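Residue numbers (the numbering used here): 30 to 289. Below is one structure, written out as structure tokens; the observations come after it.
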């Protein structure tokens, strides 16, 4: 499987994923964006959420007075997003193929760029982001990196309890995450999501799995510099109230003005 040709399919687990993941983290994301991006933008600024999922962040940005848009590869996510934020624009598609004039004052993305399995692809995506941003636009994103210590514990082969990431349960849903090493040398792993939903007293199971690549922070910063971004800073999601056991780096950079 190569994400040069394919994209991760989240459609099978959208109802459960949305219940457990998106609403829980949206407050933390908005808090982080307030500090890293929003305080520097004027009211009505254009913001794009890459991998917008169910549109919760787009909705919150719209409430704050921004012209927020989202792009995602999942039809099921966007069906929910268009109900949540009917005033906002949502695009079904791959960011690599997204076409736009440079209208965005800010771009945000959570855990999307790890889906691109080569440094060349990562640079291509960063270049796409660069071209759709206005001068002095701010780019904020999170992604897991190779420095995270638990990566070294992943065993190659079929996922087992030693590669168990977590399980979340309530009366109607169960959501399980686990990973295993697919290619340790290339820092590529397979992530598997397993969801159970209680429908008419019967538990319905849905699965999806996809490959992701863990880049080193230095590789990510170099890719951003290669494209032309400046003022690159790296924070930790714990700096913004993330109390989960596994935090992630948060990257912030800027597209320079013509005069720079």
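Cβ atoms here follow ideal geometry from the backbone N, Cα and C, with glycine treated the same way. These numbers were taken from a predicted model, which means no experiment stands behind them.
Item, Value
"Residue 245 in three-state terms, based on DSSP", "coil"
"Alpha-carbon to alpha-carbon, residue 77 and residue 229", "38 angstroms"
"The stretch 278–288 / the stretch 145–165 touching (three or more Cβ pairs under 8 angstroms)", "yes"
"Counterpart residues of residue 162 in DSSP-defined beta bridges", "133"
"Residues bridged to residue 143 (per DSSP)", "Looking at the DSSP assignment, residue 143 forms no beta bridge with any residue, so it has no partner."
"Proximal residues to residue 245 (C-beta, below 7 angstroms), its chain only, five neighbours per side dropped", "174, 175, 176"
"As assigned by DSSP and simplified to three states, the class of residue 111", "helix"
"Bridge partner(s) assigned by DSSP for residue 202", "226"
"When 93, 123, 75 are compared against residue 131, the one with the closest alpha-carbon", "75"
"Residue 158 burial status per 10 Å Cβ neighbour count (16 or more: buried)", "buried"
"Closest residue to residue 79 among 139, 203, 116, 59 (Cα-Cα distance)", "139"
"Buried versus exposed call for residue 218 [16 or more other C-beta atoms within 10 Å across all chains shown]", "buried"
"Residues of its chain near residue 103, where Cβ-Cβ distance is below 6 angstroms and the 5 sequence neighbours each way are ignored", "39, 40"
"Per DSSP, the bridge partner or partners of residue 262", "281"
"Buried versus exposed call for residue 267 [16 or more other C-beta atoms within 10 Å across all chains shown]", "exposed"
"DSSP beta-bridge partners of residue 238", "221"
"Secondary structure of residue 272, DSSP reduced to three states", "coil"
"Any 3 or more C-beta pairs closer than 8 angstroms across the stretch 147–155 and the stretch 248–264", "yes"
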